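Some notes on the structure that comes next.
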Amino acid sequence: MNTVAVVGLQWGDEGKGKIVDLLSQEMDGVIRSQGGHNAGHTIVVEGKEYHFHLIPSAILHSHVKCYIGGGTVVDPESLLREIEVLKKEGISLNNRLFISPYAHLILPYHQLEEQIQEEGATPIGTTMRGIGPCYEDSVERAGIQLGEWIDPSVFKKRFFANAGKKKRFLESMGGATFDPEAIYAKYVDFSKLLREFITPFENSIDAELKKGKKFLFEGAQGAMLDVRFGTYPFVTSSCTTSGGLAVGAGLGPQTIKKTLGVIKAYSTRVGHGPFPTEFSSEEMARFASHDQAREFGTTTGRKRRMGWLDIPLLKEAIRLSGVTALAITKIDVLDQLNRIKVCVDYEGGAYPSFYQGDIGRVKPVYKEFEGWEKSTKEIKKLEEFPKNVRIFLNQIETLLDCPIELVSYGPERETTLRLS
Ligand code: IMP
Numbered sequence: 000m001n002t003v004a005v006v007g008l009q010w011g012d013e014g015k016g017k018i019v020d021l022l023s024q025e026m027d028g029v030i031r032s033q034g035g036h037n038a039g040h041t042i043v044v045e046g047k048e049y050h051f052h053l054i055p056s057a058i059l060h061s062h063v064k065c066y067i068g069g070g071t072v073v074d075p076e077s078l079l080r081e082i083e084v085l086k087k088e089g090i091s092l093n094n095r096l097f098i099s100p101y102a103h104l105i106l107p108y109h110q111l112e113e114q115i116q117e118e119g120a121t122p123i124g125t126t127m128r129g130i131g132p133c134y135e136d137s138v139e140r141a142g143i144q145l146g147e148w149i150d151p152s153v154f155k156k157r158f159f160a161n162a163g164k165k166k167r168f169l170e171s172m173g174g175a176t177f178d179p180e181a182i183y184a185k186y187v188d189f190s191k192l193l194r195e196f197i198t199p200f201e202n203s204i205d206a207e208l209k210k211g212k213k214f215l216f217e218g219a220q221g222a223m224l225d226v227r228f229g230t231y232p233f234v235t236s237s238c239t240t241s242g243g244l245a246v247g248a249g250l251g252p253q254t255i256k257k258t259l260g261v262i263k264a265y266s267t268r269v270g271h272g273p274f275p276t277e278f279s280s281e282e283m284a285r286f287a288s289h290d291q292a293r294e295f296g297t298t299t300g301r302k303r304r305m306g307w308l309d310i311p312l313l314k315e316a317i318r319l320s321g322v323t324a325l326a327i328t329k330i331d332v333l334d335q336l337n338r339i340k341v342c343v344d345y346e347g348g349a350y351p352s353f354y355q356g357d358i359g360r361v362k363p364v365y366k367e368f369e370g371w372e373k374s375t376k377e378i379k380k381l382e383e384f385p386k387n388v389r390i391f392l393n394q395i396e397t398l399l400d401c402p403i404e405l406v407s408y409g410p411e412r413e414t415t416l417r418l419s
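Oh and the sequence shown: position 58 is 57 in numbering that gives the first Met the number 0, straight run, nothing missing.
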């Protein structure tokens, strides 16, 4: 099987970055095809931390080519910062980083629009990166594709047509305003710096696949943040499921042969919206602290909300992406607990739809597991895991009717085991 998609099955932050990093070693190419710099992956290699927002973390493997697909939204300033860090580290991007001209350009007025939206009646708790307004423009057919951006005459026309409208709107709402001329000049300069990476690569991926090359599709966010099937309206603005990744890459859905779903051993979410298994304050006090659990947003630094694993919700996420295998992360965060709860059903056995109205009303039914109360840090093979870890993993597989292929129990590359 030469293609695999790696998708999050909760509300993002499942630890996909580390799993992608591990699997990327065997890949020829890695594609990010939805979302933008709202995502954040932290990779620890030999004690050194790397933060990624849009560039696939696989860029750290010198043999892997990295692609940013047409389904993404691109903030040039943030992307250039990522490129700068990589260049400083001596990582070559030449003939290794490709950005689709179909992707859309995030402009400063998108962030200003988002400020107004988030001050309104239904704040989502977004990352404030301009992601939603940029996608809004793209479906309104008023956005600017990167291919248009790097063509000076097209960009000028499209930018000033949009900027006038945006400025009038922002001013009428009493929001912050902007200087179109200054932004235009700045974004022309950015386009000169990024032009070398912008190329329609979609055809070449098909050709590479025919030659048997291996590709990984790197999902951002998670199933419950999917713009259509997540906990709407508290979602992001792109399709976060496996199908969405194929569409965003400009490839047929049959291209993705396998989908690996990543779950965290408990649940988290950032921003507002329903969260059936969220900890009570008492449970929170007994759980690992935010610092110990490393539960601060990579992009915004916000404290993540935390709760127990939610099986009905994961089953839905597995169905949405056609997941056939799982990776489970952050087992080590449960090390100190003497009891671990898992939501196995919702009260009354009602299996809700997952739109916000329904999921906001459910009451979880929990099963309790005995904890292991031992550090898993030094584990090297499956048999070395305390018995209760193995029982916990077996039960998750049974409850989800899906095999676990990878277990991660720490931020470093070494704290990962392949089970099959
Ligand atoms: P947006 O994507 O910035 O529009 O934010 C919409 C919702 O998705 C908010 O609840 C964010 O906290 C959440 N979100 C967006 N990206 C991520 C991510 O990478 N991890 C976790 N949550 C995210």
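Yeah, the Cβ is synthetic: ideal placement off N, Cα and C, and Gly gets one too.
Just so we're clear, the structure is a prediction, and the values are computed from it rather than from any experiment.
In chain order, what residues of the same chain lie with their CB nearer than 7 Å to the CB of residue i, ignoring the 5 residues before and after it?
{"i": "T125", "result": "E113, E117, G131, G270"}
{"i": "H109", "result": "G129, P132, C133"}
{"i": "Q220", "result": "G7, G11, G34, A38, T235, T239"}
{"i": "L111", "result": "L169, G174, A175, F177"}
{"i": "I317", "result": "L8, G260, L399, C401"}
{"i": "F278", "result": "F286, M305, G306"}
{"i": "E315", "result": "F353"}
{"i": "V226", "result": "V234, T235, S236, S237, C238"}
Please report the distance separating the alpha-carbon of residue i from that of residue j.
{"i": "Q24", "j": "I58", "result": "10 Å"}
{"i": "K155", "j": "T2", "result": "39 Å"}
{"i": "R80", "j": "C401", "result": "39 Å"}
{"i": "K213", "j": "I54", "result": "18 Å"}
{"i": "G306", "j": "L312", "result": "13 Å"}
{"i": "T71", "j": "T176", "result": "26 Å"}
{"i": "F200", "j": "I67", "result": "10 Å"}
{"i": "E377", "j": "D331", "result": "11 Å"}
{"i": "S501", "j": "V364", "result": "Nothing about residue 501 can be read from this structure; the chain reaches only from 0 to 419."}
{"i": "A324", "j": "G34", "result": "23 Å"}
{"i": "F423", "j": "V153", "result": "Lying outside 0 to 419, the shown extent of the chain, residue 423 is not represented and no answer is given."}
{"i": "E48", "j": "S288", "result": "21 Å"}
{"i": "A206", "j": "G28", "result": "12 Å"}
{"i": "G420", "j": "E76", "result": "Nothing in the structure corresponds to residue 420, since the chain is present only between 0 and 419."}
{"i": "Y265", "j": "E147", "result": "43 Å"}
{"i": "I310", "j": "D136", "result": "36 Å"}
{"i": "T258", "j": "G321", "result": "7 Å"}
{"i": "H103", "j": "V341", "result": "40 Å"}
{"i": "A245", "j": "L106", "result": "26 Å"}
{"i": "S91", "j": "S241", "result": "29 Å"}
{"i": "Y183", "j": "K210", "result": "42 Å"}
{"i": "I197", "j": "L78", "result": "13 Å"}
{"i": "G89", "j": "I82", "result": "11 Å"}
{"i": "A181", "j": "R301", "result": "31 Å"}
{"i": "S280", "j": "G348", "result": "26 Å"}
{"i": "D290", "j": "M127", "result": "23 Å"}
{"i": "L308", "j": "C65", "result": "32 Å"}
{"i": "K144", "j": "R194", "result": "Here residue 144 turns out to be Gln, not Lys, going by the sequence shown. The straight-line gap from Cα to Cα measures roughly 13 Å."}
{"i": "D74", "j": "I358", "result": "33 Å"}
{"i": "G142", "j": "H60", "result": "34 Å"}
So, under 8 Å CB-CB, residue i and residue j are touching, yes? Tell me the CB distance rounded to an integer number of Å.
{"i": "R412", "j": "E404", "result": "So it is not a contact: roughly 16 Å between Cβ atoms."}
{"i": "K17", "j": "S407", "result": "6 Å"}
{"i": "W371", "j": "V388", "result": "5 Å"}
{"i": "D334", "j": "K373", "result": "7 Å"}
{"i": "K329", "j": "K263", "result": "5 Å"}
{"i": "F295", "j": "R304", "result": "Their Cβ separation, rounded to whole angstroms, is 12 Å, which puts F295 and R304 out of contact at 8 Å."}
{"i": "Q355", "j": "F233", "result": "6 Å"}
{"i": "V261", "j": "V5", "result": "6 Å"}
{"i": "M223", "j": "Q394", "result": "Contact doesn't hold; Cβ gap of about 22 Å is too wide."}
{"i": "K15", "j": "G218", "result": "6 Å"}
{"i": "V19", "j": "S56", "result": "6 Å"}
{"i": "M172", "j": "I123", "result": "With a Cβ gap of about 17 Å, M172 and I123 do not count as contacting."}
{"i": "T230", "j": "G272", "result": "5 Å"}
Under 8 Å between C-beta atoms, does residue i make it to chain B?
{"i": "S152", "result": "You won't find chain B in this structure, because it holds only one protein chain."}
Considering only residues of the same chain and omitting the five flanking positions on each side of residue i, which have a CB-CB separation below 6 Å?
{"i": "F51", "result": "H40"}
{"i": "E282", "result": "none"}
{"i": "A292", "result": "V332"}
{"i": "P410", "result": "V43"}
{"i": "I248", "result": "Residue identity differs from the one stated: residue 248 is Ala in this sequence, not Ile. Correct list, in chain order: I30, S32, G68."}
With a CB to CB cut of under 8 Å and the five nearest residues on each side skipped, what residues in its chain are close to residue i?
{"i": "L208", "result": "N1, T2, F214, T254"}
{"i": "K256", "result": "M0, N1, T2, V3"}
{"i": "N337", "result": "E369, G370, E372"}
{"i": "P252", "result": "G242, A245, V246"}
So within the segment 273-356, which uninterrupted beta strand (DSSP E) runs reach at least 3 residues, ignoring any that extend past its ends? 304-306, 324-328, 338-345
Ordered list of beta strand (DSSP E) runs contained in the segment 188-262, each at least 3 residues: 214-217
Length at least 3, wholly inside the segment 351-412: the beta strand (DSSP E) runs in chain order: Entirely contained in the segment 351-412, the beta strand (DSSP E) runs reaching 3 residues are, in chain order, 363-369, 403-407.
Every unbroken alpha helix (DSSP H) inside the segment 137-182 [4 residues or more]: Taking 4 residues as the shortest admissible run, the segment 137-182 contains the following complete alpha helix (DSSP H) segments, listed from N- to C-terminal end: 145-148, 151-171.
Ordered list of alpha helix (DSSP H) runs contained in the segment 7-79, each at least 4 residues: 15-23
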